[in-house]
Amino acid sequence: VPDLPSVDPASLAYVIFTSGSTGQPKGVMVEHGAALNTILDLHRRWQVGPDDRVLGLSALNFDLSVYDLFGLPGVGGALVLPDEAERRDPSAWAALITRHRVTLWNTVPALAAMLAEHGLPADHPLRLFLLSGDWIPLELVPRLRALAPDAALVSLGGATEAAIWSIFHPIGELDPAWSSVPYGQPLANQTMQVVNSRGQPCPDWVVGEIEIGGIGLARGYFGDPARTNERFRTDPQTGERRYRTGDLGRFRENGLIEFLGREDFQVKVQGHRIELGEIEAQLLQHPAVRQAVAAALPAPGQPHSKTLHAFVVPNEAGGGTDKAIQVLERPGRRRLDGRPRLQLAERSPSAEFARRRSVRSFADTPVPRSAFDSLLGRLAGEEGGLVRHRYPSAGSLYPVQAHLLVKPGRVEGIDGGAYYHDPVDHALVRLAPDVPPLSVGHPPTARSLGEAAFLLLLVADLAVLRPTYGDAGRDFCLLEAGYLGQLLMTDLPDTLGLLPVGGLQVAGLADTLALHDDQVLVHALAGGVPDASSRPGSLAADLQRHLARHLPDYMVPRRITLLPSLPLSANGKVDRQALRPPVEPLPEAGGAETASIRTLVGEILGSDAIGDHANLFDLGATSLHLVRLQRRLAELHGERAPAVVDLFRLPTVADIARHLAEAPASAAAADGNARAQRRLEARRRALPQDRSAR
Numbered sequence: 017v018p019d020l021p022s023v024d025p026a027s028l029a030y031v032i033f034t035s036g037s038t039g040q041p042k043g044v045m046v047e048h049g050a051a052l053n054t055i056l057d058l059h060r061r062w063q064v065g066p067d068d069r070v071l072g073l074s075a076l077n078f079d080l081s082v083y084d085l086f087g088l089p090g091v092g093g094a095l096v097l098p099d100e101a102e103r104r105d106p107s108a109w110a111a112l113i114t115r116h117r118v119t120l121w122n123t124v125p126a127l128a129a130m131l132a133e134h135g136l137p138a139d140h141p142l143r144l145f146l147l148s149g150d151w152i153p154l155e156l157v158p159r160l161r162a163l164a165p166d167a168a169l170v171s172l173g174g175a176t177e178a179a180i181w182s183i184f185h186p187i188g189e190l191d192p193a194w195s196s197v198p199y200g201q202p203l204a205n206q207t208m209q210v211v212n213s214r215g216q217p218c219p220d221w222v223v224g225e226i227e228i229g230g231i232g233l234a235r236g237y238f239g240d241p242a243r244t245n246e247r248f249r250t251d252p253q254t255g256e257r258r259y260r261t262g263d264l265g266r267f268r269e270n271g272l273i274e275f276l277g278r279e280d281f282q283v284k285v286q287g288h289r290i291e292l293g294e295i296e297a298q299l300l301q302h303p304a305v306r307q308a309v310a311a312a313l314p315a316p317g318q319p320h321s322k323t324l325h326a327f328v329v330p331n332e333a334g335g336g337t338d339k340a341i342q343v344l345e346r347p348g349r350r351r352l353d354g355r356p357r358l359q360l361a362e363r364s365p366s367a368e369f370a371r372r373r374s375v376r377s378f379a380d381t382p383v384p385r386s387a388f389d390s391l392l393g394r395l396a397g398e399e400g401g402l403v404r405h406r407y408p409s410a411g412s413l414y415p416v417q418a419h420l421l422v423k424p425g426r427v428e429g430i431d432g433g434a435y436y437h438d439p440v441d442h443a444l445v446r447l448a449p450d451v452p453p454l455s456v457g458h459p460p461t462a463r464s465l466g467e468a469a470f471l472l473l474l475v476a477d478l479a480v481l482r483p484t485y486g487d488a489g490r491d492f493c494l495l496e497a498g499y500l501g502q503l504l505m506t507d508l509p510d511t512l513g514l515l516p517v518g519g520l521q522v523a524g525l526a527d528t529l530a531l532h533d534d535q536v537l538v539h540a541l542a543g544g545v546p547d548a549s550s551r552p553g554s555l556a557a558d559l560q561r562h563l564a565r566h567l568p569d570y571m572v573p574r575r576i577t578l579l580p581s582l583p584l585s586a587n588g589k590v591d592r593q594a595l596r597p598p599v600e601p602l603p604e605a606g607g608a609e610t611a612s613i614r615t616l617v618g619e620i621l622g623s624d625a626i627g628d629h630a631n632l633f634d635l636g637a638t639s640l641h642l643v644r645l646q647r648r649l650a651e652l653h654g655e656r657a658p659a660v661v662d663l664f665r666l667p668t669v670a671d672i673a674r675h676l677a678e679a680p681a682s683a684a685a686a687d688g689n690a691r692a693q694r695r696l697e698a699r700r701r702a703l704p705q706d707r708s709a710r
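Numbering (this note's numbering), first residue to last: 17 to 710.
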């Protein structure tokens, strides 16, 4: 075996990025000597050697993966990596642990809780649990002891700026007076201090900021000396260089440090330290956002577990008034306070609201001919006896006529130009070869109009209604145009979107469409293929996609709430304590099985207001909740129950109920067998490289 090259301990080992309050991630520079000190100390304390294996569940942008990648291989051990489909599946973890004889568990507490909820076979080889990155709930400790009675449980902590971990605490007997597992004591060659605002040591039980010193400290932030000087300081009394963590803590008896939270707007969610300011900065880059505040709020029934939420005040460009704020304030609602009220039992389910949607951003992709024909097919009448359409009309005369302006190359199989849609023959009659100039005063609508593939013009022939309705004919035509537009915009396929256009000006409209004096434009809708960034139902969904393009998944809020304004404290600052998501709507009716699932979900989430179409993650559900839900569903429905990984794509009560209704036992079993076969094949492919398991 050739000698390994010598490496200067002070040379750079890696740069790992962590969240930044300015909107840009911070690159933490860690040297070889710093990382090696932590790994060697860990191996000495728990006798880690070539017979050990660790299951790699941490993403590479999370510093727990540094130990997975370099710790075990460095002493001849092995890293067992699940495939992507197995990363959130505790049943797959259990199989990997048993098959590959995994001895070390190194994750955040939430994943260990998922494993404990699922269970392990009695002969599993786990001997050491390394838990870090977040609070360790006291109730998790006895569950892990029941899962692995002979395994050591260790709490670890620190900061990305200090080489994986800096502090540890072997979890022994739990003190009834504890509210959480202690943070612990420093690892070898590292120091942990609790200091006041002047940098002086705090006495026992006095809360202060935790500072880390010693060999484990990072060199600083990559390319950011100002931030480095701000967060890394030198103690004037001792000359020791320390990292100011921003974590609050206090010394308890026997030199143990207790972690108490943050002093700033940085939070810890699922083991990741997150600067809320980075989320807010990305939200403010979206043109529809005027103000934004991010918050980490408690998950249901888990006071130490947090989920990310964002609160946004929209800002719609154009005009002297803020239209979005007006909409949120519901100006059309009558305020009749003090009068008797009778509460009604049911609302339309959430899915019904999504069926009618406006699309404001169109792709340059040509509209499929089938979708275009289907759209106009809704306007075709049924002939024979009385004429019938899918929308009402005064006197059944149907004076509102559909005309189209199609841009060249934007609808498959249709040349650019102006057309009339004949509702009897369901055919397009070509009127002109060119699309005339279009204009609209509202800048965002003008932008959408420029992106659209075609424009649907609803023209009223007032002469048709005049003999019967006189001057009231125009009003009836406006009503008919509204009925017609509602029909067209409901239940559109994903390949087609429509946007109502107000204030449209078409140059030479009468000549282009060959109109007479009694034919007037009453409404218009722009159409095309929705752009990938176009919202499917709300600005909140658009903002989540915007954040997903710029931030890692763990930093994207599960829920975004739109507000007319942010709450302010007495001194005029944003009152973050007053920010709470709106109360969920009352449960919907549904069938007996849906009601049963709703009740089950409510028990697991600790809520009695679970809507059938409410996203469970929006309600605070975590991976652990999904494991518990899957186990209960399996008890009630056997093979029909979805697997844990399936629940991530079935995040509502209605989705789960539909899955159970559509998956008979045989189909569910086949689906489960197929997943098992895929996992088996993946493991077989990896087996030739796994000689130590033979």
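All C-beta atoms in this analysis are idealised placements derived from N, C-alpha and C, irrespective of residue type, glycine included.
Element boundaries [beta strand (DSSP E), containing residue i]
i: L95; result: 94-96
i: G466; result: First-last for G466: 459-467, but that is the alpha helix (DSSP H), not the beta strand (DSSP E).
i: D438; result: 433-438
Unbroken alpha helix (DSSP H) run spanning residue i, endpoints
i: I113; result: 106-116
i: M571; result: Counting along the chain, M571 falls outside any alpha helix (DSSP H), and DSSP gives it neither H nor E.
i: E619; result: 608-621
i: V91; result: That residue, V91, is in no alpha helix (DSSP H); it is neither H nor E in DSSP.
i: V64; result: It is not in any alpha helix (DSSP H) - V64 carries neither H nor E in the DSSP assignment.
i: F378; result: Counting along the chain, F378 falls outside any alpha helix (DSSP H), and DSSP gives it neither H nor E.
i: E428; result: Careful: E428 lies outside any alpha helix (DSSP H) and carries neither H nor E.
i: V661; result: 660-663
i: E651; result: 639-653
Contact under 7 Å by Cβ, residue i with residue j
i: L324; j: A312; result: yes
i: T54; j: A175; result: no
i: L514; j: G543; result: yes
i: V660; j: Q646; result: yes
i: P125; j: L156; result: yes
i: E227; j: V211; result: yes
i: Y407; j: L500; result: yes
i: L163; j: L136; result: yes
i: A657; j: L663; result: no
i: V451; j: K423; result: yes
i: R69; j: A94; result: yes
i: L578; j: V328; result: yes
Three-state secondary structure assigned by DSSP to residue i
i: S390; result: helix
i: A326; result: strand
i: S81; result: helix
i: P24; result: According to the sequence as given, residue 24 is Asp; it is not Pro. Reduced to three states, the DSSP call for D24 is coil.
i: E274; result: strand
i: R372; result: strand
i: E362; result: coil
i: S455; result: strand
i: G236; result: strand
i: S196; result: coil
i: D166; result: coil
i: E291; result: strand
i: L602; result: For L602, the pLDDT reaches just 46, beneath the cut-off of 50, and the residue's location in the model is therefore unreliable, although a value from the coordinates is still provided. Three-state result, L602: coil.
i: V211; result: strand
i: A138; result: coil
i: R351; result: coil
i: T54; result: helix
Residues that DSSP places opposite residue i in a beta bridge
i: W121; result: F145
i: G265; result: G224, F275
i: V475; result: Q417, L537
i: F470; result: V422, G543
Rounded Cβ spacing between residue i and residue j (contact assumed at less than 8 Å)
i: I12; j: Q206; result: Outside the modelled stretch of the chain, which goes from 17 to 710, sits residue 12, for which no answer is possible.
i: E225; j: D263; result: 7 Å
i: Y30; j: I180; result: Not a contact, Cβ separation roughly 11 Å.
i: L56; j: L127; result: Their Cβ separation, rounded to whole angstroms, is 25 Å, which puts L56 and L127 out of contact at 8 Å.
i: P106; j: L147; result: Contact flag wrong, Cβ pair sits at about 16 Å.
i: F470; j: V427; result: 6 Å
i: A304; j: L28; result: Their Cβ separation, rounded to whole angstroms, is 41 Å, which puts A304 and L28 out of contact at 8 Å.
i: R268; j: P198; result: 7 Å
Contact test: residue i Cβ vs the ligand MG heavy atom, cutoff 6 Å
i: D220; result: Absence of the ligand MG is noted for the structure shown, with no ligands found whatsoever.
Min CB distance residue i to chain B below 7 Å
i: P186; result: Given the protein chain composition of this structure (a single chain), no chain B is represented.
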